[in-house]
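J.: The structure follows.
Structure representation (structure tokens):
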């Protein structure tokens, strides 16, 4: 069973991101990055479009039929932080006292270093217009960031945010994390992919399933205490996944987060047309990677 403290920790981290999260589809967003909160230094990443890779046969682990019903957890909000509500957050990592945040939207996608105490953006870059930035992972002195449909990822220096390289993958890019040795990527399907950080090649794959069958719409990922945490887009659940088998061992139920007042503010801020659109915005609940 996953320790209760872990569920509380994740719920706390999720709340930080829910103050300003993004998603895909037809949600109407007036300002994906607020002008007064945009990075003060935003040099355009010197990236060139990369040809889309040809579909390839990916290594995969054979599915293991799951018969055990996942454990269900609730949450406790233990602290709140200031956060730019206009940020179309797609990836969020907490390392050495700082947030590393990726925001999406074509022409508005950024990578930022943010002071959690004040919400101030201390450093940032903006990506070329063709890219919709997605998940972020910080591994040693490098930052890896995915894009949604461009099949292109970026590698940046953690301190300077200078571009060190690019890589490609044959799927969409959604969430990204790591287990210390491998990058772990989601693409919105029940599949999770393991990448070699040195070559960015796919070296493994699992199918995520619970006692009802495959679990799709896996989005932002985190790796905590040997387990993969994945929020399920357009639901109020986070799945806790065994990385060896792909089995869901538990769910965290986030119903009621945020409260009614926060929901109303977000509807007004993002000019959302209805509660369904709000759900699209809120349920990309990007948590932090290390604490």
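In the numbering used here, the protein residues as written are 322 to 612.
All C-beta atoms in this analysis are idealised placements derived from N, C-alpha and C, irrespective of residue type, glycine included.
Inspect the beta-carbon positions of residue 450 and residue 494 and report whether they are closer than 8 Å.
T.: No; because the gap between Cβ atoms is not below 8 Å, this pair is not in contact.
J.: Can you grab the Cα-Cα spacing for the pair residue 534 / residue 511, in whole Å?
T.: Using only the alpha carbons, I get a separation of about 10 Å.
J.: Using a Cβ-Cβ cutoff of less than 6 Å, which residues in the same chain neighbour residue 496 once the five nearest sequence positions on both sides are dropped?
T.: Within the same chain, residue 496 has close Cβ partners 456, 507, 540, 541 and 542.
J.: Under a three-way DSSP split, which group does residue 478 fall into?
T.: Here residue 478 sits in strand by DSSP.
J.: Compute the Euclidean distance between the alpha carbons of residue 531 and residue 547, then round it to the nearest angstrom.
T.: Residue 531 and residue 547: Cα-Cα distance of roughly 18 Å.
J.: Check the C-beta distance from residue 465 over to residue 426 and give it rounded, since I have them as a contact under 8 Å.
T.: Wrong, their Cβ atoms sit about 20 Å apart, outside the cutoff.
J.: I'd like to check one pair, residue 419 with residue 436: are the Cβ atoms closer than 8 Å?
T.: Their beta carbons are under 8 Å apart, which means residue 436 touches residue 419 by this criterion.
J.: Return the residue from the list 473, 504, 501 and 482 that minimises the CA-CA distance to residue 492.
T.: When each option's Cα is compared against that of residue 492, the closest is 473.
J.: How big is the Cα-Cα spacing for residue 415 and residue 559?
T.: Rounded to the nearest angstrom, the two C-alpha atoms are 18 Å apart.
J.: Under the three-state reduction of DSSP, which class applies to residue 574: helix, strand or coil?
T.: Residue 574: strand per DSSP, three-state reduction.
J.: Just to confirm, is the Cβ distance from residue 571 to residue 394 under 8 Å?
T.: Cβ distance < 8 Å, so residue 571 and residue 394 count as in contact.
J.: Using the rule of at least 16 other Cβ atoms within 10 Å of the residue's Cβ for burial, across every protein chain shown, is residue 422 buried or exposed?
T.: With 16 or more Cβ atoms within 10 Å of its Cβ, residue 422 is classed as buried.
J.: Could you name each continuous beta strand (DSSP E) segment of 3 residues or more that falls completely within the segment 501-583, going from the start of the chain to the end?
T.: Fully enclosed beta strand (DSSP E) runs of 3 or longer: 504-507, 512-516, 523-528, 539-545, 548-553, 558-562 and 569-574.
J.: Let me know the alpha helix (DSSP H) ranges lying completely inside the segment 392-459, each 4 residues or longer, listed in chain order.
T.: The segment 392-459 contains no whole alpha helix (DSSP H) run of 4 or more residues.
J.: Work out the CA separation of residue 563 and residue 573 for me, nearest whole Å.
T.: Rounded to the nearest angstrom, the two C-alpha atoms are 15 Å apart.
J.: Tell me the DSSP secondary structure of residue 468 in three-state form.
T.: Note: residue 468 maps to strand in three-state DSSP.
J.: Determine the direct distance from the alpha carbon of residue 578 to that of residue 460, and round the result to whole angstroms.
T.: Going by the C-alpha atoms only, they are around 30 Å apart.
J.: Are the CB atoms of residue 463 and residue 445 within a distance shorter than 8 Å?
T.: For residue 445 and residue 463, no; Cβs fall outside 8 Å.
J.: Just curious, the beta strand (DSSP E) that residue 485 is in, first and last residue?
T.: 484-489 is the span of the beta strand (DSSP E), which, as asked, contains residue 485.
J.: Between residue 439 and residue 483, which are expected to be in contact by the criterion C-beta below 8 Å, what is the C-beta distance as a whole number of angstroms?
T.: Actually they do not touch by this definition, with Cβ atoms about 25 Å apart.
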